[in-house]
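Peer 1: Be aware that the sequence shown starts at 67, since it is given in the working numbering, and climbs by one per residue. For glycine and all other residues, C-beta sits at the position ideal for the given N, C-alpha and C. Quick caveat: nothing in here was measured; it's all calculated off a predicted structure.
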Amino acid sequence: MNNLEWQQRKEKAIARGQGTMAPVYVAKALNSEVWDITGKRYIDFSSGIAVVNTGHSHPKIQQAVINQVNNFSHTCLMVSPYDEAVLLAERLNAAVPIKNAKSIFVTTGAEAVENAIKIARAHTKRSGIIAFHGGFHGRTNLTMGLTGKVAPYKAGFGPFPADIYHVPFPIDYHGITAEHSLAAIDNLFHADIEPERVAAIIIEPVQGEGGFYPVPQGFLKQLRDLCDKHGIVLICDEIQTGFARTGKMFASEYHGIEPDLITMAKGLAGGFPLAAVVGKAEIMDAPNPGGLGGTYGGSPVGCAAALAVLDVIEEEKLCDKATAIGEQVVGHLNQMQKQYPQCIGQIRHLGAMIAIELVKNGDANQPNADLAKALVQEASKRGLILLSCGIRGNVIRILTPLTIQDNVLQEGLALLSQSLEALV
Ligand SMILES: Cc1ncc(COP(=O)(O)O)c(C=O)c1O
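1. In the DSSP assignment, what are the bridge partners of Lys383?
2. Keeping to the same chain, check which residues put their C-beta closer than 7 angstroms to that of Ile230; ignore five residues upstream and five downstream.
3. Specify, as a first and last residue, the run of the beta strand (DSSP E) that Ser193 falls within.
4. Using 8 angstroms as the Cβ pair cut-off and three pairs as the minimum, do the stretch 334-352 and the stretch 134-149 touch?
5. At 4 residues or longer, and completely inside the stretch 369-443: list those alpha helix (DSSP H) runs for me, N to C.
6. Tell me the start and end of each unbroken beta strand (DSSP E) in the stretch 129-179 that is at least 3 residues and wholly inside, in chain order.
7. Say the cut is 6 angstroms; is the CB of Glu180 nearer than that to a heavy atom of ligand 1?
8. Is the separation between the beta-carbon of Gln129 and that of Gly200 shorter than 7 angstroms?
9. Please work out which residues of its chain come closer than 8 angstroms, Cβ to Cβ, to Pro227, disregarding the five sequence neighbours upstream and downstream, and give them in chain order.
10. To test your reading of the DSSP string, which unbroken beta strand (DSSP E) runs of 3 or more residues are found completely within the stretch 443-478?
11. Have a look at Glu324 and Gln306 and give me their C-alpha separation to the nearest angstrom.
12. Do three or more CB pairs link the stretch 434-454 to the stretch 329-348 at distances below 8 angstroms?
13. Count the other C-beta atoms from every protein chain shown that fall within 10 angstroms of the C-beta of Leu424, then say buried if there are 16 or more, exposed otherwise.
14. Shorter than 6 angstroms, the distance from the beta carbon of Ala155 to the closest heavy atom of ligand 1, or not?
15. Please find out if some non-hydrogen atom of ligand 1 comes closer than 6 angstroms to the beta-carbon of Gln306.
16. For a test of the three-state rule: what should DSSP assign to Tyr231, helix, strand or coil?
17. Any heavy atom of ligand 1 closer than 6 angstroms to the CB of His203?
18. Which class does Asp238 belong to by DSSP, given the choice of helix, strand or coil?
19. Check whether the stretch 376-394 and the stretch 263-280 touch, using three or more Cβ-Cβ pairs below 8 angstroms as the test.
20. In angstroms, rounded to a whole number, what distance separates the CA positions of Thr329 and Ala182?
21. Is any heavy atom in ligand 1 found nearer than 6 angstroms to the beta carbon of Gly200?
22. Closest by CA to Gly313, which one among Ala176, Lys387, Ile420?
23. Among Ile109, Pro218, Ala249, Gly241, which residue has its Cα nearest to the Cα of His232?
24. According to DSSP, is Tyr320 part of a helix, a strand, or is it coil?
25. Is any heavy atom in ligand 1 found nearer than 6 angstroms to the beta carbon of Glu270?
26. Given this structure, state the Cα-to-Cα distance separating Lys404 from Ser247, to the nearest angstrom.
27. Would you decide whether Glu71 is buried or exposed? Buried here means 16 or more other CB atoms lie within 10 Å of its CB.
28. Is the distance from the Cβ of Thr173 to the Cβ of Pro339 below 7 angstroms?
29. Drop a sphere of 10 angstroms on the beta-carbon of Ser146, count the other beta-carbons inside from all chains shown, and report buried for 16 or more, exposed for fewer.
30. Assuming Ile269 contacts Cys293 under a Cβ cut-off of 8 angstroms, what Cβ separation, rounded to an integer in Å, is found between them?
31. Apart from the five residues just before and just after Val118, which ones in its own chain have a Cβ nearer than 7 angstroms to its Cβ?
32. Mind checking whether the beta-carbon of Thr312 lies closer than 6 angstroms to any heavy atom of ligand 1?
33. Would the C-beta of Ala186 count as close to ligand 1, meaning under 6 angstroms from any of its heavy atoms?
34. Check whether the Cβ atoms of Phe309 and Gly333 sit closer than 7 angstroms, and answer yes or no.
35. Are there any heavy atoms of ligand 1 lying less than 6 angstroms away from the beta-carbon of Gly175, as far as the coordinates show?
36. Can you list, in chain order, the residues of its chain with a C-beta nearer than 6 angstroms to that of Glu150? Leave out the 5 residues immediately preceding and following it.
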C-alpha cells in the first residue's frame, strides 16, 4: 500500500472534516526527520503543529513514558491521585511568570481554554469575554466562539455562545496599531458591554493560526493595566507559544507582565495529550471541588512525559536553541525575500516561531493564499513538511523541532528555497 492508497481508504473511513495537509503516511519519526511508509524521508518544519519542540521520539521522554506505562497508565487524578501530577504542577507553578501559582490539568488545548474561561467566570462572577480577530482558541463550541477566524473553524457551526466580543488584534503590517485595538475595546465598553460585566480578556502573545503575529511591545502591559482597572482576568493563551518555542519558556515573559491565567498544551508533553491552566492561586481556587477536571485530565502518562520534557528543555538549553534557530532561519528568509520581493511580503518571528507572509505585487493588501497552498504541496513532494496559517491562508509558518540538527536545518531551508523557485 502506498500513500495514495491509504489516502483513498482514509477518505472513505474518516469524515472529510478531519482534513489532511499532505497525504504522507508516517512509519517512523526521529528528532526532526520523518519517514513515510514507502521509506521516503522528510524534514519536519511543523513539529506536529508546535508539539514536538523536544523532537520526535526523544529517548528521555520515551523512557519516561515506558516506565510510567510499566507501573500504571490510568487511575483518574480525581479518584486515585499520583505524585507525577503534583510534581508537574509544582514545576509549572515555578516556571510561569506568575507569583503564587496553582495548576489544573486537562487533555487538550481547547479544554484548557474552556477551563480558563470557567475559572475567570467563577472568580469574577461575570460572563463577558473579549477576544481578538485572528485569535485561535480551539474547536469546541465555547472556543470556536472565542476564535476569530471564520474558515474553516466557524463556518457553518453556529450559533456560538453568548457574551463573547471580538476586537482587532494589533498588526502593524496591516495598519492596525495598538491604539486602534485599545480604542476598539473602549468602544466596546460604550457600545456593547460595560467593563463591570467583563470576566476576561484572552490573547495569544503571538497569534498562531491567525498568522504568527507577535503582539507589539507595550500592548500586553496596556491590557494588564486595563484589566487591573476594571477587575478583569487577563488570560494568555500560550498553547502554541509555550515551552521554549519563542526563546523563552513562555512568550508573555517578553512583555514583563504577570498574566492572571496561562493556558498551555502542545509542547507541554512532547506529543502526549496533556494540557493545563496555570494561574494566580486566588483565581484558580474560585471553582468548587469537582467543578474542574475530567476522566483523562492529567493522565499519568502525559504527566510523566511532561516532567521529562521540562528536563530536556533545561538540559539541552532549548530556549537558547530557539533563539539561535530563529536567527539562522530568518537570515536565510531575508535572502529569499531579496530574491522574491514581489511575493514575500513580510518575514517575522519570535524565537523559532517564524512566518513568511505571501502576497502579490509586494502589497500587504493582496494576500496570496494560492501560493501558500502550492508551496506546502511542492515542499512535501521534495521532502519538507511545511504548514500554512493566517486568516487569509497566505502565511507559511516554520516550526522546526528545537532539537533540529544544524545540517538538517540547512537542508530544509535549501528545500524551501527550491520549492519556491519551482513555483514563481
Ligand atoms: C493558541 C491555541 N489555542 C488553542 C488551541 C487548541 O488546542 P487543541 O487543538 O489541543 O484543542 C490551539 C491549537 O492549535 C492553539 O494554537
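Peer 2: Once the coordinates are examined:
1. Working through the sequence shown from its first residue, we reach residue 383 at position 317. Note: Lys383 sits in no beta bridge, so no partner.
2. On the sequence shown, position 164 is the one that residue 230 refers to. Sequence-distant Cβ neighbours of Ile230 in its own chain, meaning closer than 7 angstroms and more than five residues away, are Ile195, Ala197, Gly211, Leu212.
3. As a working note, residue 193 is residue 127 in the sequence shown. Here Ser193 belongs to no beta strand (DSSP E), and DSSP marks it neither H nor E.
4. Taking a cut-off of 8 angstroms on C-beta distances, the stretch 334-352 does not touch the stretch 134-149, as fewer than three cross pairs fall below it.
5. Runs found: 384-405.
6. Correct list: 167-172.
7. As a working note, residue 180 is residue 114 in the sequence shown. The beta carbon of Glu180 sits no closer than 6 angstroms to any heavy atom of ligand 1.
8. Reading the sequence shown from its first residue, position 63 is the one you call residue 129. Reading the sequence shown from its first residue, position 134 is the one you call residue 200. Taking 7 angstroms as the cut-off, the beta carbon of Gln129 is found no closer than this to the beta carbon of Gly200.
9. For this step, residue 227 is matched to residue 161 along the sequence shown. The answer, listed in chain order, is Asn207, Leu208, Gly211.
10. For the stretch 443-478, whole beta strand (DSSP E) runs of length 3 or above, ordered along the chain, are 453-455, 461-464.
11. In the sequence shown, the residue the question calls residue 324 occupies position 258. In the sequence shown, the residue the question calls residue 306 occupies position 240. Distance between the alpha carbons of Glu324 and Gln306 is about 19 angstroms.
12. At 8 angstroms Cβ cutoff, the stretches do not touch.
13. For the purposes of this step, residue 424 is taken as the residue at position 358 of the sequence shown. The C-beta of Leu424 has 16 or more other C-beta atoms within 10 Å across all chains shown, which makes the residue buried.
14. Here residue 155 corresponds to residue number 89 of the sequence shown, with the count starting at 1. With a cut-off of 6 angstroms, the C-beta of Ala155 is classified as distant from ligand 1, since no heavy atom of the ligand falls inside that distance.
15. Here residue 306 refers to the residue found at position 240 when the sequence shown is read from its first residue. True, at least one ligand heavy atom lies under 6 angstroms from that Cβ.
16. Looking up residue 231 in the sequence shown gives position 165. If DSSP states are grouped into helix, strand and coil, Tyr231 belongs with the strands.
17. Taking the first residue of the sequence shown as position 1, residue 203 is located at position 137. Short note on His203: C-beta closer than 6 angstroms to some heavy atom of ligand 1.
18. For the purposes of this step, residue 238 is taken as the residue at position 172 of the sequence shown. The answer is helix: DSSP assigns Asp238 an H, G or I state.
19. Output reads no: the stretch 263-280 does not touch the stretch 376-394.
20. Against the sequence shown, residue 329 aligns to sequence position 263. Against the sequence shown, residue 182 aligns to sequence position 116. Each residue's CA atom was taken as its position, placing Thr329 and Ala182 some 7 angstroms apart.
21. Within the sequence shown, the letter at position 134 stands for residue 200. With a threshold of 6 angstroms, the Cβ atom of Gly200 does not count as near ligand 1, since no heavy atom of the ligand is closer than that.
22. As a working note, residue 313 is residue 247 in the sequence shown. The shortest CA-to-CA distance from Gly313 to any of Ala176, Lys387, Ile420 is the one to Lys387.
23. Sequence index remark: in the sequence shown, residue 232 carries index 166 (1-based). Of Ile109, Pro218, Ala249, Gly241, the residue nearest in Cα terms is Ala249.
24. Residue 320 sits at position 254 when you count from the first residue of the sequence shown. Under the three-state reduction of DSSP, Tyr320 is assigned to helix.
25. As a first step, residue 270 must be located in the sequence shown, where it is residue number 204. A heavy atom of ligand 1 is found nearer than 6 angstroms to the CB of Glu270.
26. As a working note, residue 404 is residue 338 in the sequence shown. As a working note, residue 247 is residue 181 in the sequence shown. Spanning the two alpha carbons is a distance of roughly 32 angstroms.
27. Translated into the one-based positions of the sequence shown, residue 71 becomes position 5. Taking every protein chain shown into account, the CB of Glu71 has fewer than 16 other CB atoms within 10 angstroms, so this residue is exposed.
28. To locate residue 173, count along the sequence shown from 1; it is residue 107. To locate residue 339, count along the sequence shown from 1; it is residue 273. Going by C-beta atoms, Thr173 is nearer than 7 angstroms to Pro339.
29. Reading the sequence shown from its first residue, position 80 is the one you call residue 146. The residue in question, Ser146, is exposed, as its Cβ has fewer than 16 Cβ neighbours within 10 Å.
30. Here residue 269 corresponds to residue number 203 of the sequence shown, with the count starting at 1. Here residue 293 corresponds to residue number 227 of the sequence shown, with the count starting at 1. Cβ atoms of Ile269 and Cys293 stay farther apart than 8 angstroms, at about 11 angstroms.
31. Here the question's residue 118 lines up with position 52 in the sequence shown. Result list for Val118: Gly336, Gly337, Pro467, in chain order.
32. Walking along the sequence shown from the start, residue 312 turns up at place 246. Shortest gap from the CB of Thr312 to any heavy atom of ligand 1: 6 angstroms or more.
33. Residue 186 sits at position 120 when you count from the first residue of the sequence shown. For Ala186, the distance from the CB to the nearest heavy atom of ligand 1 is not below 6 angstroms.
34. Taking the first residue of the sequence shown as 1, we reach residue 309 at position 243. Taking the first residue of the sequence shown as 1, we reach residue 333 at position 267. Cβ atoms of Phe309 and Gly333: closer than 7 angstroms.
35. The residue given as residue 175 occupies position 109 in the sequence shown. Yes, since a heavy atom of ligand 1 falls inside the 6 angstroms radius drawn around the Cβ of Gly175.
36. The count along the sequence shown starts at 1 and reaches residue 150 at position 84. Pro366, Cys369, Ala370.
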